[in-house]
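Asker:
Residue numbers (my numbering): 6 to 161.
1) Once the 5 residues before and after residue 153 are set aside, which same chain residues still bring their CB inside 7 Å of it?
2) Please tell me whether residue 118 and residue 80 are closer than 7 Å, where the distance is taken between their beta carbons.
3) Report the three-state DSSP secondary structure of residue 51 (helix, strand or coil).
4) In chain order, what residues of the same chain have a beta carbon less than 7 Å from the beta carbon of residue 43, not counting five sequence neighbours either side?
5) Return the residue from the list 93, 73, 101 and 69 that minimises the CA-CA distance to residue 9.
6) From residue 73 to residue 89, what does the alpha carbon distance come to, in whole angstroms?
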């Protein structure tokens, strides 16, 4: 059974950890100096927060598969929903080695599909993925054209 994933960037990890621990009525499953994750069964969700220099707020959403069959199924649906898919393959992110792919939805929200393979002692480097996702956001069907952006700048 797949698990919904939410990742929120936070300004204060300690305060947010206390808040979400109380909200979920459960301690974190993973707790690092810059990252905390709850693996909840009710509701079935992988909820993560991090303090890694990103603007506070929603970082990304995702669907976590439990096996290759589920990952292939959700990846096929991802490809049918978006013309631009970033296939990252096997990588280390969020202290886990995973196989994943990314898209940006029409509103500009980043989505990932992934299968966790093994734990990791390092967070991983997401600079390359963030740069690629920025490119996807700029080419998304809802992104303003260069002409529109130039007009908006002239009006200001």
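Each residue gets a CB set at the ideal place from its N, CA and C atoms; glycine is no exception.
Answerer: So, to answer that:
1) To locate residue 153, count along the chain shown from 1; it is residue 148. Bear in mind that a pLDDT of 28 at residue 153, under 50, signals an unreliable position, so the number given afterwards is only what the model happens to contain. Once the five neighbours on either side are set aside, residue 153 has no close Cβ partner at all.
2) Residue numbering aside, residue 118 sits at position 113 when the chain shown is read from its first letter. Residue numbering aside, residue 80 sits at position 75 when the chain shown is read from its first letter. Yes.
3) Position 46 of the chain shown, counting from 1, holds the residue named residue 51. In the structure shown, residue 51 sits in a strand (DSSP, three-state: E or B).
4) Mapped onto the chain shown, residue 43 falls at position 38. Here the set comprises 25, 29, 31, 33, 34 and 52.
5) The sequence position of residue 9 within the chain shown is 4, counting from 1. Answer by Cα proximity: 69.
6) The residue you call residue 73 lines up with position 68 of the chain shown. The residue you call residue 89 lines up with position 84 of the chain shown. Computed Cα separation, rounded: 22 Å.
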